[in-house]
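Q:
Number of protein chains: 2
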Amino acid sequence: MSVPQQASEGSRAVKRTIEFIRHHRLQKGDRLPSERELSDRFGVTRSSVREALAVLDALRLTERRPKSGIFLRNALEDSGLDSLVIQANLDLPFDERTMRDVSEARVIFETHAIRLACARRTDADLNRLRELVANYSSRVQAELNVANEDVEFHLAMAAASQNAIIVRTLTPLFLMSFQWRQKYFSSPVIRRRSLADHQEFVATIADRDETRAAALVQKHVHSAFDEVRAMAEGNEQPESHNQ
Amino acid sequence: MSVPQQASEGSRAVKRTIEFIRHHRLQKGDRLPSERELSDRFGVTRSSVREALAVLDALRLTERRPKSGIFLRNALEDSGLDSLVIQANLDLPFDERTMRDVSEARVIFETHAIRLACARRTDADLNRLRELVANYSSRVQAELNVANEDVEFHLAMAAASQNAIIVRTLTPLFLMSFQWRQKYFSSPVIRRRSLADHQEFVATIADRDETRAAALVQKHVHSAFDEVRAMAEGNEQPESHNQ
DNA sequence: CTACCAATCTGGTATGACCAGATTGGTATA
DNA sequence: TATACCAATCTGGTCATACCAGATTGGTAG
Chain A
89 MSVPQQASEG SRAVKRTIEF IRHHRLQKGD RLPSERELSD RFGVTRSSVR EALAVLDALR
149 LTERRPKSGI FLRNALEDSG LDSLVIQANL DLPFDERTMR DVSEARVIFE THAIRLACAR
209 RTDADLNRLR ELVANYSSRV QAELNVANED VEFHLAMAAA SQNAIIVRTL TPLFLMSFQW
269 RQKYFSSPVI RRRSLADHQE FVATIADRDE TRAAALVQKH VHSAFDEVRA MAEGNEQPES
329 HNQ
Chain B
89 MSVPQQASEG SRAVKRTIEF IRHHRLQKGD RLPSERELSD RFGVTRSSVR EALAVLDALR
149 LTERRPKSGI FLRNALEDSG LDSLVIQANL DLPFDERTMR DVSEARVIFE THAIRLACAR
209 RTDADLNRLR ELVANYSSRV QAELNVANED VEFHLAMAAA SQNAIIVRTL TPLFLMSFQW
269 RQKYFSSPVI RRRSLADHQE FVATIADRDE TRAAALVQKH VHSAFDEVRA MAEGNEQPES
329 HNQ
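Each protein sequence line maps, in turn, to chains A and B. Each position in the first sequence, counted from 1, maps to that position plus 88 in my numbering. Each position in the second sequence, counted from 1, maps to that position plus 88 in my numbering.
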């Protein structure tokens, strides 16, 4: 799914810029240092800085005004959803509130997705889900990590809703938590429990049982988040909820 | 809100690249021409191409493998949600299915947002909404367009849900349709009707009346989409649903 | 105190060069 | 003929410079 790959200078510049914004507590509308200053502040070429700024622009975080300067367009917490994935990939931490909101949003969105899936899923969707569960199962049997397979399965359920926008919305919420997912699924017990849930998901979707499916989402997601939260509290210092 | 601003070479390169992918019907995993080839194909510098590719990478549309090539990571319809905004800004058309999904997703997300807003809104939220409606009203009175104010109001309602992720999810769905919104609100009749709805929204949120609020969202959004659809069918050729 | 202008700064873009790993096509070998 | 191997080539990653023209600004003349 997503390979590790060492950070390029461009990515590094994205990270440094975000850190700069955070560190200096820049507010919406504030001006950033010029490209030339950022480039020697970060020790990279202006090209790399410009690449980074193009990304931040795309995420609606910054705005470059020709012949004038670079301005903060949104607070970090209000930029594009896809920035969550980028932040996670750069090992930038999320604040507690974001974590809470992501958790809640995922339950809401996925509940709706699965309701629609129950109502509209095709036989092809069902077959695909069964294939994925079979594969999942064999990996659990083989004591392999199933972090990727879990994402694949949940997105496939979302896809069965026949609404691509919902899938595109859920995707970043999954990808941003990829590193926890990796840890979470390192436990064989959790893998087995998760497999059982997935099998039940398929059953409810097959039966078009919206009510049961919705309830299952709540349980499944909440238990996962609780577990991750517990792991996080046990392992690392507060305020750093990434990786 | 979002100024027109003529496209930079970087933006142009993003557009050209997306068009290239569309035109050649590239599939997930397919390889794109090298940066050097793209740059002289588009008539811009490699720097500009690289800036564009950085953006497409951020949207998870492409993947650059060092010393190897550029590969399509997702179909255009599966890339990051924020790409919708970029596509709209570049006047790239959306297909019918995307339009339908966006419409549905917006109703779903906004319905949930307003339900949460009813349950959790603070007095400050309520005051802000009232301010926005007052401003909206005076603009309607003055026969001014309220495209920006409409987005502002809907996002403020979403913000009253106390969940920033929901706001960040709805934002691109609003921004991608900014140009239609502009046309839509060019009609004084529609502006008045919309104002009445907004006033009712505030009332329901003030009363914490989830049921009425949810029903109102359905009506409000659906009528808007129907209107836009009718306008689109009347004015332009099929398959081009942007601008 | 105000109006105005020139030096300076800023983003946008273009050239060109070098690195090192990935790719590939042809050659020599079994 | 099939295979193993190696060197030329291609590719993304990065750096260094240079120019343009509009925005900004500080100081000067009125």
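Even glycine gets a Cβ: it sits at the ideal position worked out from N, Cα and C.
Which of the three DSSP states, helix, strand or coil, is assigned to A:E151?
A: Of the three classes helix, strand and coil, the one that applies to A:E151 here is strand, per DSSP.
Q: Pull up the CB-CB distance for B:R188 and B:V290, whole angstroms please, since I reckon it's below 8 Å.
A: The pair is not a contact, with the Cβ atoms about 29 Å apart (cut-off 8 Å).
Q: Kindly say whether B:H242, judged by its beta-carbon, lies nearer than 7 Å to any beta-carbon of chain A.
A: Cβ-Cβ to chain A under 7 Å: no for B:H242.
Q: Given a cut-off of 7 Å, decide if A:E139 and B:E139 are closer than it, judged by their beta-carbon atoms.
A: Against a cut-off of 7 Å, the Cβ pair of A:E139 and B:E139 comes out as a contact.
Q: Going by DSSP, what residue range makes up the beta strand (DSSP E) through A:G157?
A: Taken as a continuous stretch (DSSP letters only), the beta strand (DSSP E) holding A:G157 covers 157-160.
Q: Strictly by DSSP, which residues pair up with B:R110?
A: Its beta-bridge partners do not exist; DSSP assigns none.
Q: By Cβ distance below 6 Å, which residues in the same chain neighbour B:E298 in space, the five residues on each side in sequence not counted?
A: Around B:E298: R203, C206.
Q: Between A:S380 and chain B, is the shortest Cβ-Cβ distance under 7 Å, so that the two count as touching?
A: Residue 380 of chain A is absent from the structure shown; chain A starts at 89 and stops at 331.
Q: Rank A:L243, A:V234, A:M264 by C-alpha distance to the C-alpha of A:I254 and give the top, closest one.
A: Considering only alpha carbons, the answer is A:L243.
Q: Among A:Q306, A:E198, A:K103, A:A246, whose alpha-carbon lies nearest the alpha-carbon of A:A176?
A: Selected option, being the one with the closest Cα: A:K103.
Q: Mind checking whether A:H308 and A:F241 have CB atoms under 7 Å apart?
A: For A:H308 and A:F241, no; Cβs fall outside 7 Å.
Q: Apply the 10 Å Cβ neighbour rule to B:R185 and answer buried if 16 or more other Cβ atoms are within range, or exposed otherwise.
A: By the 10 Å Cβ count, B:R185 comes out exposed.
Q: Decide if A:V277 is buried, meaning its Cβ has at least 16 other Cβ atoms within 10 Å, or exposed.
A: That one is exposed.
Q: Using three-state DSSP, classify A:R256 as helix, strand or coil.
A: In this structure, A:R256 counts as helix in the three-state DSSP scheme.
Q: Indicate the three-state DSSP secondary structure (helix, strand or coil) for A:L232 in the structure shown.
A: A:L232 falls in the coil class under three-state DSSP.
Q: Is the number of C-beta pairs between the segment 215-231 of chain B and the segment 162-176 of chain B that are closer than 8 Å three or more?
A: Short answer: they don't touch.
Q: Do you know how far the Cα of A:A222 is from the Cα of A:A248?
A: Taking the straight line from one Cα to the other gives about 18 Å.
Q: For a cutoff of 7 Å on Cβ pairs, would you count A:A294 as touching chain B?
A: It does not; no Cβ of chain B falls within 7 Å.
Q: Find the residues of chain A that neighbour B:V143, judging by a C-beta separation of less than 7 Å, and give them in chain order.
A: Residues of chain A passing the Cβ test: A142, V143, A146.
Q: Just to confirm the assignment, what range does the alpha helix (DSSP H) spanning A:R188 have?
A: Here the alpha helix (DSSP H) through A:R188 covers 184-208.
Q: Could you give the DSSP three-state label for A:L120: helix, strand or coil?
A: Looking at A:L120 - three-state DSSP - the assignment turns out to be strand.
Q: Does A:H112 pass the burial test, meaning 16 or more other C-beta atoms within 10 Å, or should it be called exposed?
A: Exposed is the call here.
Q: Within 7 Å (strictly less), CB to CB, does B:N251 reach chain A?
A: Output row for B:N251: interface = yes.
Q: Does any CB atom of chain A fall closer than 7 Å to the CB of B:R216?
A: No, its Cβ sits nowhere closer than 7 Å to a Cβ of chain A.
Q: Can you check which of these residues, A:R119, A:L232, A:I196, is closest to A:L261 by C-alpha distance?
A: The shortest C-alpha separation from A:L261 is found at A:I196.
Q: Any C-beta of chain B sitting closer than 7 Å to the C-beta of A:I158?
A: Judged by the 7 Å Cβ criterion, A:I158 is not in contact with chain B.
Q: Going by C-alpha distance, which of B:L169, B:E123, B:N251 is nearest A:V190?
A: The residue with the shortest Cα to Cα distance from A:V190 is B:N251.
Q: Are the beta-carbon atoms of B:T199 and B:V305 separated by less than 7 Å?
A: For B:T199 and B:V305, yes; Cβs fall inside 7 Å.
Q: In angstroms, rounded to a whole number, what distance separates the CA positions of B:P181 and B:M264?
A: Rounded to the nearest angstrom, the two C-alpha atoms are 11 Å apart.
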